[in-house]
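These notes concern the structure reproduced below.
Residue numbers (our numbering): 322 to 571.
Put into structure tokens, the structure is as follows:
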């Protein structure tokens, strides 16, 4: 820590801040995007089932190798790749770890670190995201293994009574704790407070709720001393609910 006294202590050294900021800027390089290759084993099993392919570890590895060994266009258009824990530990058929393969192409490896959404007690079927318990140890391992950023998703839904104040506060604080732990370990946190498109709400409601969710999120990030220049936000599209009958005229 560069400074340890007072209410506004600096929790990251200037060197740590510089590394985080540079990584964040590299991820959002012009004309490039992030490849989300963090499908869980369950998700891939469903996809493979549609083509009659067994979801074995080898088949999943081969599928990911197919993605990561694409031609030069991959590096020309992709700045970072979000990996799943299994993918982080896998290698190409010639023994090259996927992380090193991506690094060799100038692509920053990232990692999904949340472990899924669970029910939030005291709410109307709302949820919170788990995975904080051993996050510090996992982030240290991922950073040592070559990752430069991480991703964590929270989800909030719109209905007559949701998102509740409890869900807004809980999910914002979970995202802030995740972001703080990531930065302490040298990983740029991608913060994803997703407002789900489920429901029959209109566009104006989606806008108001999204603004509220982002306000709660950034208040929590500030409260937890997260270095904002070393973070990235993954926002949701602001659209009417999928069941909305009100037409939008553009």
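Yeah, the Cβ is synthetic: ideal placement off N, Cα and C, and Gly gets one too.
Whether residue 478 touches residue 520 by CB criterion (8 angstroms): The answer is yes: Cβ separation under 8 angstroms.
Check whether residue 474 and residue 444 have beta carbons under 8 angstroms apart: For residue 474 and residue 444, no; Cβs fall outside 8 angstroms.
Local Cβ density within 10 Å of residue 336, reported as buried at 16 or more and exposed below that: Exposed.
Cβ-based neighbour list, residue 573, same chain, cut-off 6 angstroms, excluding 5 preceding and 5 following: Not covered by the structure: residue 573. The range shown for the chain is 322 to 571.
Separation of residue 375 from residue 274, as counted between CA atoms: Any property of residue 274 remains undetermined from this structure, which presents the chain solely from 322 to 571.
Candidates 446, 454, 496: closest to residue 484 by CA position: Comparing C-alpha distances from residue 484 to each of 446, 454, 496 shows the shortest one belongs to 446.
Three CB pairs or more closer than 8 angstroms across the stretch 463 to 473 and the stretch 420 to 433: Yes, the stretch 463 to 473 touches the stretch 420 to 433.
Which of helix, strand or coil DSSP assigns to residue 420: Residue state for residue 420 is assigned as helix, using DSSP reduced to three classes.
Rounded C-alpha distance that separates residue 461 from residue 506: Rounded to the nearest angstrom, the two C-alpha atoms are 6 angstroms apart.
Candidates 470, 436, 472, 440, of which the one nearest residue 455 by Cα: It is 436 whose Cα lies nearest to the Cα of residue 455.
Beta-carbon separation (whole angstroms), residue 530 vs residue 516, contact threshold 8 angstroms: Right, the Cβ-Cβ distance comes to about 6 angstroms (below 8 angstroms), so this counts as a contact.
Contained beta strand (DSSP E) runs [length at least 3] in the stretch 444 to 522, N- to C-terminal order: Counting only unbroken stretches of 3 or more residues, the beta strand (DSSP E) elements lying wholly within the stretch 444 to 522 are 448 to 450, 470 to 477, 509 to 516, in sequence order.
Neighbour-count burial assignment, residue 391, 16 or more Cβ in a 10 Å radius: By the neighbour-count rule (16 or more Cβ atoms within 10 Å), residue 391 is not buried but exposed.
Test item: CB-CB of residue 382 and residue 411 under 8 angstroms: Contact annotation: residue 382 and residue 411 have beta-carbon atoms nearer than 8 angstroms.
Same chain, Cβ closer than 7 angstroms to residue 561, neighbours up to 5 away in sequence not counted: Counting only residues of its own chain and dropping the five nearest sequence neighbours on each side, residue 561 has a CB closer than 7 angstroms to the CB of 522, 523, 524, 527, 567, 569.
Residue burial classification, residue 439 (beta-carbon count within 10 angstroms, cutoff 16): Counting the other CB atoms within 10 Å of its CB gives residue 439 a total below 16, which places it among the exposed residues.
Residue burial classification, residue 372 (beta-carbon count within 10 angstroms, cutoff 16): Counting other Cβ atoms within 10 Å of its Cβ, residue 372 stays below 16 and is therefore classed as exposed.
Selected residue, minimal CA-CA separation from residue 541, among 512, 363, 404: Closest in alpha carbon position to residue 541, among 512, 363, 404, is 512.
Residue 541 in three-state terms, based on DSSP: For residue 541, the three-state secondary structure derived from DSSP is helix.
Cut-off 6 angstroms between Cβ atoms - residues of its own chain near residue 503, not counting five sequence neighbours on either side: Close CB contacts of residue 503 within its chain, under the 6 angstroms cut and outside five residues either way in sequence, are with 460, 471, 510 (chain order).
Spatially closest choice to residue 508 from 368, 401, 388, by CA coordinates: 401 is the residue among 368, 401, 388 whose C-alpha sits nearest the C-alpha of residue 508.
Residue(s) in a DSSP beta bridge with residue 412: Paired residues: 418.
Residues sharing a beta bridge with residue 429, DSSP: Answer by DSSP bridge pairing, in chain order: 401.
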